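Remarks on the structure that follows.
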Amino acid sequence: MSSFPRVVVYGASGHALACRDMLENGFAPHRVCEVIAYMKDGAEEGASVDGLPLISFEDWQARYAREIPCIVSIAAPTPRKRLVQKVVDAGGFFIPFYDRPEVAFRKVKVGEGSGIALPVFIGQNSRIGAHVLVSPMCSIGHDVTIGDYCSLAPSVTISGNVVVKEGVFLGAGSVVVNGKADKPLIIGEGCNISAGAVVTKSVPDGETMIGNPAITLDEFSRTRRYLRDVVPEEDEE
Ligand SMILES: CC(C)(COP(=O)(O)OP(=O)(O)OC[C@H]1O[C@@H](n2cnc3c(N)ncnc32)[C@H](O)[C@@H]1OP(=O)(O)O)[C@@H](O)C(=O)NCCC(=O)NCCS
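Residues are numbered in the working numbering as their position in the sequence shown, beginning at 1, plus a constant of 11.
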């Protein structure tokens, strides 16, 4: 009998398989759980993936919902939030995997249903919300709050004193800097930070930010149209 909890991964894509690795081998200096099955809506009876059973939502509900916690592995925040609610409505539950004294970063709190891959750095006094997925090679500074349902793609770097609100997607290699102790930088709810963007100022809810320094996708598109359509005509004069 293993000493770590068993868990069912909701999802069966490549990202779900990476989630299994992140949970079984990541963050804490030991395995944090044992994945016993993947779950996918409409899965056929007897199916398997990654050497484990692939079960349908109905099968999971009948066999495991009240006994075995779940993690939702979907990368995008909005569908992940919807599936978390679906699991709860069906009688399922989630647990925190990392809030134990032996975890790697002692003054860090991590909410239920979240997965954190190695290698990672998380500074002191930072809080990772519930149902957050942190991909490998991320660096999260001190005094950072990551809201529920956020996704951090690989190689995200966040400086100290930053608040990332609920449901934000941080694209691969994006950087958030300039948070200050007396004025934390805030990334608004539901924002989409593009791959490689460098965010240097607070961002209102729902924006997509792109480039270095990051600007809104609308501004970015307007600038590109200007450079493509207007500047060449001026050059001709
Ligand atoms: C910025 C983003 C949201 C835009 O998506 P989109 O609206 O579908 O945009 P498109 O792919 O149609 O690209 C539009 C233009 O912007 C450019 N572009 C796309 N993403 C860009 C980025 N991150 N930085 C700079 N330019 C970018 C494209 O080259 C394209 O240029 P073109 O018009 O000259 O061909 C998306 O590209 C992105 O960065 N998503 C994050 C992806 C990620 O990190 N996933 C995790 C992987 S592990």
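Cβ coordinates follow ideal geometry from the N, Cα and C atoms, glycine included.
No experiment lies behind these values; they were computed from the predicted model shown.
- Take the alpha-carbon of C161 and the one of P16: they are about 24 Å apart.
- Residues of the same chain with a CB within less than 8 Å of the CB of A206, apart from the 5 flanking positions on each side, are A164, G182, A183, G184 and S185 in chain order.
- Look at N136: its beta carbon is at least 8 Å from all of the heavy atoms in ligand 1.
- When E200, S166, H142 and S150 are compared, the shortest CA-CA separation from V174 is found for E200.
- Ranked by Cα distance from Q135, the first of F116, V46 and R93 is F116.
- DSSP places C30 in the helix class (H, G or I) of the three-state scheme.
- For V43, no beta strand (DSSP E) run applies, since DSSP gives it neither H nor E.
- Here N203 carries a strand assignment [DSSP, helix/strand/coil].
- Between S146 and M33, the CB-CB gap stays under 9 Å.
- Under DSSP, F180 takes part in a beta bridge, and its partners are S162 and N203.
- DSSP places R91 in the helix class (H, G or I) of the three-state scheme.
- Annotated as proximal: L196 and S170, with beta-carbon spacing under 9 Å.
- The C-alpha of I133 is placed about 24 Å away from the C-alpha of I221.
- Checking the DSSP bridge columns, you'll see R138 partnered with K120 and T156.
- Restricting attention to I127, G190, V187 and I198, the CA atom closest to the CA of G158 is found in I198.
- When C-alpha distances from A192 are compared across G152, A58 and T227, the shortest belongs to G152.
- Less than 9 Å separates the beta-carbon of L63 from that of V46.
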